[in-house]
Structures are given as structure tokens and as C-alpha cells.
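Working notes, beginning with the structure itself.
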Amino acid sequence: MAGDKMIMAVPKGRILTEVMPLIHAAGIVPEPAFEDEASRQLRFTTNHPELDLIRVRSFDVVTFVAFGAAAMGIAGNDVLMEFDTREIYAPLDLGVGRCRMSVAEPEEMVADDDPRAWSHIRIATKYPNVTQRHFAGRGVQAECVRLNGAIELAPKLGLCQRIVDLVSSGATLKANGLVEVETIAEITSRLAVNRTAWKTRPQAIGRWIERLRATLDATAA
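First residue of the sequence shown: 1, per the UniProt record's numbering; consecutive thereafter.
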């Protein structure tokens with residue numbers, strides 16, 4: 001871990017907006033620069049001298065936690081499923097960032113297409129490991145084309161016929177002429193903990209787990 005401090009990695013973007021009320025309710029208040037959109041700072045102190053936050057991309061949260069640079073982090077189970085590492089323990093479902101990981105294809109294909117008949121497909125996705133495992137489970141060979149963004153463009157531009165991506169309202173799919181044909185997993189954000197840190201600092205990490213769990217229970221009550 002970075003020095004003697006406990007590091008918690010949080011993701012940039014929509015998930016951060018949804019998770020910050022929970023973090024505040026758990027008694028964690030970052031320094032003012034954390035709320036400054038013009039700030040290029042990435043590491044922030046909190047009102048707890050032993051705890052700092054780092055703000056990184058969602059996929060990088062899992063990397064920082066898996067390799068022990070952060071003791072804890074907040075990550076969607078889409079990213080946790082993609083990494084599928086034994087170095088991370090995810091004890092809490094935080095119930096934020098709800099969406100689903102789905103297979104989609106052009107709407108004109110749907111009427112004559114049956115996913116149960118697929119044997120080999122090419123799919124654009126930023127989740128190749130999850131996608132290949134999902135389809136291999138039913139004997140389908142999935143050739144994955146990895147994209148990190150603008151995945152909905154792939155069918156229109158002839159890169160492939162289908163995509164696997166996260167879907168919330170479905171508005172982006174509809175705007176690009178795509179339709180969901182299969183759900184791979186329901187997605188929420190989790191508290192992720194480095195297993196080595198959990199073994200070496202069980203009391204410190206345990207206190208934060210229990211504080212966040214109590215906050216979730218109070219919110220649900």
C-alpha cells in the first residue's frame with residue numbers, strides 16, 4: 001500500500017456521482033479539491049487522516065486494487081467480471097450504477113435471428129473475456145473485436161453484426177438502430193478489497209466495510 005495510509009480508489013464519471021452520497025453518509029469527506037472540476041489532482045486527503053481517495057478510470061480501479069496500490073475501491077461488477085482476479089474480494093453490493101450487460105444487434109436482423117442457433121459470432125465489446133466465457137458456456141465461439149468506446153457504431157460500419165455493452169435506458173441503442181436480444185448479467189457497483197490488504201490490515205479494512213454496510217442498511221430501512 002502507498003505508505004501507511006489506506007487508499008480507496010473511486011471511478012470517474014456517472015458512478016462517482018451516484019456513489020458519493022453513500023461515501024458522505026459513511027462519514028468520508030474529501031478535501032475541497034475533490035469537488036473542483038477544474039482540478040487535475042488525482043489523489044485527495046479526507047477528514048480521516050489515515051484514508052486518502054484516488055480518482056481514476058473505472059477499469060483502472062480494479063488494477064489499482066488487484067495489485068495492492070489501493071486497499072479498497074469501488075468498481076462495477078462488469079469490470080470485476082472482466083478481470084476475474086483472485087486478488088480481489090468484493091464483500092458489498094453498493095446498489096448504485098444499476099444497468100445490464102447485454103447483447104444487441106441491428107433491429108432489421110431481429111425478426112429472422114435466433115440466438116439459440118448461433119455457433120460462431122463476431123462481437124464488438126470492451127468485455128472480451130466476459131463475452132467469450134458467456135458464449136463458450138453454451139458452445140458458441142465468440143470472436144471479439146475490442147473497442148473502448150463508440151461500440152454502437154460497429155454494426156453500421158460493417159465491423160461486426162453484434163455488440164456486447166452496458167445498457168441502462170436503452171436510448172443509445174435505439175438511437176443507433178440496435179435492439180437488445182440477450183442479457184448477460186445485471187450490473188451494480190461493489191466495494192472491492194485487495195485480499196492481501198484484508199489479511200494484513202483486517203481491523204482497519206473491516207471498520208470501513210462495516211461502516212459502509214451500516215450506511216446501506218440505514219438507507220434501505
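Idealized CB from N, CA, C, for every residue including glycine.
Quick caveat: nothing in here was measured; it's all calculated off a predicted structure.
- With fewer than 16 neighbouring CB atoms inside 10 Å of its own CB, L42 falls in the exposed class.
- Under the three-state reduction of DSSP output, V61 falls in the helix class.
- Of P49, E152, T188 and W118, the smallest CA-CA separation from S58 is found for T188.
- Ranked by Cα distance from Y127, the first of L16, L80, I121 and A214 is L80.
- Your pair G76 and L216 does not check out as a contact, with CB atoms roughly 16 Å apart and the cut at 8 Å.
- The stretch 66–75 and the stretch 172–186 do not touch, with fewer than 3 CB-CB distances between them shorter than 8 Å.
- With contacts defined by Cβ atoms closer than 9 Å, V167 and S102 form a contacting pair.
- In this structure, P91 is the residue among R98, P91 and V62 with its C-alpha nearest to the C-alpha of R207.
- Rounded to the nearest whole angstrom, the C-alpha separation of S169 and C99 is 8 Å.
- The beta carbon of V140 lies closer than 8 Å to those of W118, S119, H120 and I121 in the same chain, with the five residues before and after it left out.
- In this chain, the beta strand (DSSP E) harbouring Q141 covers Q141 to R146.
- For V167, the enclosing beta strand (DSSP E) covers residues R162 to V167.
- An exposed status is given to A111, since fewer than 16 other beta-carbon atoms sit within 10 Å of its beta-carbon.
- Fully contained in the stretch 97–144 are the following alpha helix (DSSP H) runs of length 4 or more, in chain order: 107–110 and 128–136.
- Relative to D52, the option among K5, P115, Q161 and A192 whose CA is nearest is K5.
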